[in-house]
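Below, the structure is given as structure tokens:
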């Protein structure tokens with residue numbers, strides 16, 4: 001499902017579907033938001049939990065190529081400032097790979113972007129829920145999603161220890177928890 005670029009009237013943000021030409025910029029964005037010292041300038045860092053990569057070019061290309069999904073790019077003045085994955089899964093959509101440039105975190109972009117992603121999923125696929133998974137010890141991040149209407153389900157899946165595509169854990173006991181929001 002690909003849609004034309006959309007420019008939201010209340011912001012200077014433009015939304016569009018990612019292409020293969022965007023892969024390098026997207027890998028850089030996602031890594032900067034979650035891994036290494038650069039990520040520490042924002043509040044979404046996982047640097048204390050995980051080393052290694054959050055994603056790689058192959059992983060980003062995989063998301064772009066999914067027939068039932070899209071990787072939404074958010075631009076401001078022609079520069080990629082955020083992204084998120086949307087995937088149609090029957091009656092719900094999956095939301096993932098959400099990254100906002102660490103230098104812009106805390107300005108309210110995230111809440112506007114997730115609201116737009118929910119709107120696009122609802123209008124494009126007529127879904128009734130948005131699902132996502134979050135590392136369960138990320139209490140501050142989970143609280144942020146709860147303020148946006150997501151609820152913890154208590155349903156967890158183990159972190160894939162040994163699979164470096166997901167990062168190199170710095171501690172034991174990591175797991176993902178499913179968060180769900182009913183879309184109006």
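In this note's numbering, the protein residues as written are 1 to 184. Each residue gets a CB set at the ideal place from its N, CA and C atoms; glycine is no exception.
Extent of the continuous alpha helix (DSSP H) run through residue i
i, result
"residue 104", "Here residue 104 belongs to no alpha helix (DSSP H), and DSSP marks it neither H nor E."
"residue 171", "Per DSSP, residue 171 belongs to no alpha helix (DSSP H) and is neither H nor E."
"residue 61", "57 to 65"
Three-state class that DSSP yields for residue i in the structure shown
i, result
"residue 110", "helix"
"residue 8", "Low local confidence applies: a pLDDT of 48 at residue 8 is under 50, so the model's placement there is unreliable, and no value is given."
"residue 148", "coil"
"residue 22", "helix"
"residue 165", "helix"
"residue 54", "coil"
Bridge partner(s) assigned by DSSP for residue i
i, result
"residue 73", "16 and 83"
"residue 89", "92"
"residue 28", "Residue 28 is not bridged to any residue."
"residue 130", "93 and 181"
"residue 116", "For residue 116, which the question treats as bridged, DSSP gives no partner whatsoever."
"residue 176", "135 and 157"
Expected contact under 8 Å - CB spacing of residue i and residue j to nearest Å
i, j, result
"residue 74", "residue 63", "Not a contact, Cβ separation roughly 15 Å."
"residue 160", "residue 175", "About 10 Å; that fails the 8 Å criterion."
"residue 112", "residue 183", "Actually they do not touch by this definition, with Cβ atoms about 16 Å apart."
"residue 156", "residue 139", "Contact doesn't hold; Cβ gap of about 14 Å is too wide."
"residue 99", "residue 30", "5 Å"
Buried/exposed call for residue i, threshold 16 Cβ in 10 Å
i, result
"residue 65", "exposed"
"residue 118", "buried"
"residue 16", "buried"
"residue 67", "exposed"
"residue 135", "buried"
"residue 168", "exposed"
"residue 57", "exposed"
"residue 48", "exposed"
"residue 54", "buried"
"residue 110", "buried"
Where the beta strand (DSSP E) containing residue i begins and where it ends
i, result
"residue 137", "Element bounds for residue 137: n/a, residue is neither H nor E."
"residue 158", "151 to 158"
Residue-level contact to chain C via CB, residue i, 8 Å cutoff
i, result
"residue 71", "Absent from the structure: chain C. Only one protein chain is present."
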